[in-house]
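Listed in order, the protein sequences are those of chains A and H. Under this note's numbering, the residue at position 186 of the first sequence is numbered 187, and the numbers go up by one with no gaps. Under this note's numbering, the residue at position 178 of the second sequence is numbered 179, and the numbers go up by one with no gaps. In what follows, a single structure is set out as structure tokens and then discussed.
There are 2 protein chains.
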Amino acid sequence: MTPVKAPPAFVAPIENVPLRVQVANSLRSAILSGRLRPGTQLVETALAEQMNVSRAPIREAIQILENDGLVETIAYKGKRVKPLTAREVAETYSLREVFEVMAARRILETGAPLDALHAQCAAMADAAEADDYDALTVADKAFHHALIRLADHDLLQASWQNLYLRIHQIMALRNRDEQNLHDIASNHPPIVAALEKRDADRAIALISEHTRTLAAFDPASFVNDLQPDDP
Amino acid sequence: MTPVKAPPAFVAPIENVPLRVQVANSLRSAILSGRLRPGTQLVETALAEQMNVSRAPIREAIQILENDGLVETIAYKGKRVKPLTAREVAETYSLREVFEVMAARRILETGAPLDALHAQCAAMADAAEADDYDALTVADKAFHHALIRLADHDLLQASWQNLYLRIHQIMALRNRDEQNLHDIASNHPPIVAALEKRDADRAIALISEHTRTLAAFDPASFVNDLQPDDP
DNA sequence: ATGTTGTGGTCTGTCGACAATCCATGGCGT
DNA sequence: ACGCCATGGATTGTCGACAGACCACAACAT
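This is how it looks when you write it as structure tokens:
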């Protein structure tokens with residue numbers, strides 16, 4: 002049986018993306034790219050008017066971002082892009098370290114193939130050579146995403162992805178001029194090599210060190226460590 | 002200055018709890034206690050009528066639960082209590098293990114006092130002696146919560162708490178008769194002892210073992226590993 | 001029989017309006 | 001000057017109604 006009702010697929014299926022998701026995506030990318038800086042107020046009526054939708058989808062979209070940890074609500078007062086404290090940044094990176102170490106452990110246990118990691122290392126080297134910061138960022142994210150994916154752990158992946166949203170935001174707010182692209186790129190191949198050799202201790206140590214290096218970088222320039230509100 | 006406007010606090014502050022939060026709490030406790038079993042459909046209109054509120058707060062409440070990972074939405078079809086797969090249960094416990102090991106590491110680094118842990122160990126022993134399953138559950142949660150809190154890491158705590166929601170649900174769905182209260186209670190004091198002695202390896206090993214024991218317990222009785230929907 | 005096409009019911013998705021709350025500002029009495 | 005209450009504007013919280021999408025079932029044609 003199973004009478005192949007639908008052959009390969011000649012046309013793309015039309016997706017029905019709810020407004021709240023479109024709104025959420027739009028706002029999220031604005032936050033992650035740094036166009037909406039931490040502390041910025043998000044006013045429902047204003048956004049609703051700007052985007053030509055009613056307030057309901059806006060509210061639900063903002064709630065989605067709240068669960069992403071990018072927005073916070075103060076009852077009857079307003080919603081705003083969550084300010085980043087130095088402590089939060091540090092905690093974010095330390096948790097990321099734990100996630101990636103866990104991924105490495107699982108990869109070593111299952112012996113998953115590391116092709117994807119090699120590929121991204123190459124991509125990062127190319128980006129560093131071309132002095133292309135954006136490409137490097139993309140490849141870096143792809144590398145770590147691949148690392149997590151190889152761990153074959155959906156919950157870990159979801160948690161990591163959620164965490165990485167903030168990493169993304171932090172990176173966008175950093176001063177990119179101060180970063181050495183070649184340093185970043187060269188950090189990764191040794192990790193893959195250690196995994197390849199099944200040297201757990203070394204792989205873990207490298208990942209920890211790599212994460213801590215990133216965390217230590219320029220911790221103060223974009224952070225708002227002030228009263229609940231402001232200037 | 003700082004003219005102490007509000008002395009200690011004689012009466013509880015009047016909190017304005019939004020309906021969505023009340024609804025979310027109500028539904029959450031129903032899910033966590035097992036009264037709403039995985040797979041149960043949540044119909045907005047029905048809930049709205051039952052609780053005498055409009056659909057908007059219900060929708061937002063359900064979204065909160067969705068971010069808690071307790072509910073899932075299928076567009077234009079319905080929302081339902083997320084079914085638990087064996088894989089999810091295993092992943093949940095393995096992530097919890099990583100969280101608690103991280104907490105132990107941090108506690109050992111900072112040398113935080115362990116009073117709270119001792120207290121909960123005692124509470125668990127009492128509960129086991131009195132054959133009081135509910136009290137044991139409470140004390141067990143309090144123990145692990147204290148462990149996480151001592152790590153002094155807000156993000157870790159938030160992640161752990163979110164994860165523990167599912168643990169709570171899983172425990173509620175288990176067959177409590179099959180569990181030996183004394184075994185559970187006796188698992189914890191050695192962990193505290195190892196922490197006290199600053200024996201990192203042993204503490205971590207004990208925590209891992211403890212978590213894995215729980216995870217291995219009765220993995221099939223309440224799980225729905227079936228097609229996307231149905232009976 | 002088998003496949004197709006309506007059709008009705010049951011949900012969720014979206015909207016616009018109204019109510020509740022909070023905050024800042026300014027008037028008023030002392 | 002100082003403190004207190006009223007008032008107004010801004011923003012979120014809640015509501016009820018309508019529109020859109022999907023599913024199941026039945027009627028029909030082949």
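We put the CB at the ideal spot given by N, CA and C, even for glycine.
Distance CB(residue i)-CB(residue j) smaller than 9 Å
i	j	result
THR93 (chain A)	ARG167 (chain A)	yes
LEU109 (chain H)	ALA204 (chain H)	yes
ALA128 (chain H)	LEU215 (chain H)	no
ARG29 (chain A)	LEU71 (chain A)	yes
ALA186 (chain A)	ALA126 (chain A)	yes
VAL24 (chain H)	VAL54 (chain H)	yes
PRO84 (chain A)	PRO39 (chain A)	yes
ALA57 (chain A)	ALA57 (chain H)	yes
Same chain, Cβ closer than 7 Å to residue i, five either side skipped, listed in chain order
i	result
THR41 (chain A)	ARG81 and VAL82
HIS189 (chain H)	CYS122, MET125 and PHE144
ILE63 (chain A)	LEU43, VAL72 and LYS80
THR3 (chain H)	Residue placement at THR3 (chain H) is poorly supported in this model, since its pLDDT is 38, which falls under 50; the coordinates still yield a value, given next. Around THR3 (chain H): no qualifying Cβ.
Whole-angstrom distance between residue j and residue i, CA atom to CA atom
i	j	result
ALA105 (chain H)	ARG97 (chain A)	17 Å
LEU164 (chain H)	ASP69 (chain H)	8 Å
ILE65 (chain H)	LEU157 (chain A)	20 Å
VAL18 (chain H)	SER160 (chain H)	23 Å
ALA47 (chain A)	ILE75 (chain A)	17 Å
THR212 (chain H)	HIS146 (chain H)	14 Å
ASP200 (chain H)	LEU33 (chain A)	42 Å
LEU255 (chain H)	GLU101 (chain H)	With chain H covering only 2 through 232, there is no way to say anything about residue 255 (chain H).
GLN170 (chain A)	GLY35 (chain A)	7 Å
GLN162 (chain A)	ALA131 (chain H)	44 Å
ALA217 (chain H)	GLU89 (chain A)	34 Å
ALA113 (chain H)	SER95 (chain H)	25 Å
GLU16 (chain A)	GLU61 (chain A)	19 Å
ASP116 (chain A)	GLU197 (chain A)	10 Å
GLN51 (chain A)	GLN180 (chain H)	57 Å
VAL139 (chain A)	ASP178 (chain A)	17 Å
TYR77 (chain H)	LYS142 (chain A)	33 Å
ALA194 (chain A)	ARG150 (chain A)	18 Å
LEU37 (chain H)	ALA31 (chain H)	6 Å
ILE49 (chain A)	ASP202 (chain H)	Per the sequence shown, the amino acid found at residue 49 (chain A) is Ala instead of Ile. Whole-angstrom Cα-Cα distance: 55 Å.
ALA206 (chain A)	SER27 (chain H)	45 Å
TYR134 (chain H)	ASP155 (chain H)	30 Å
THR111 (chain A)	ALA120 (chain A)	20 Å
ILE59 (chain H)	ILE59 (chain A)	16 Å
Extent of the continuous alpha helix (DSSP H) run through residue i
i	result
ASN188 (chain H)	182 to 197
SER27 (chain H)	20 to 33
LEU48 (chain H)	45 to 52
LEU207 (chain A)	201 to 217
Neighbourhood of residue i by C-beta distance below 6 Å, restricted to the same chain and skipping five residues each side
i	result
ARG107 (chain H)	ALA152
Neighbourhood of residue i by C-beta distance below 8 Å, restricted to the same chain and skipping five residues each side
i	result
ILE208 (chain A)	GLU98, GLU101, VAL102, ALA105 and ILE192
GLU210 (chain A)	none
LEU137 (chain A)	MET125, ALA128, ALA129, LEU182, ILE185 and ALA186
GLU67 (chain H)	GLU73, THR74 and LYS80
### Residue ranges of each alpha helix (DSSP H) within the stretch 57 to 131 of chain H, 4 or longer
87 to 111 and 116 to 130
### Task
Can you check the stretch 128 to 170 of chain A for any alpha helix (DSSP H) of at least 4 residues that lies completely inside it and give the ranges in chain order?
134 to 151
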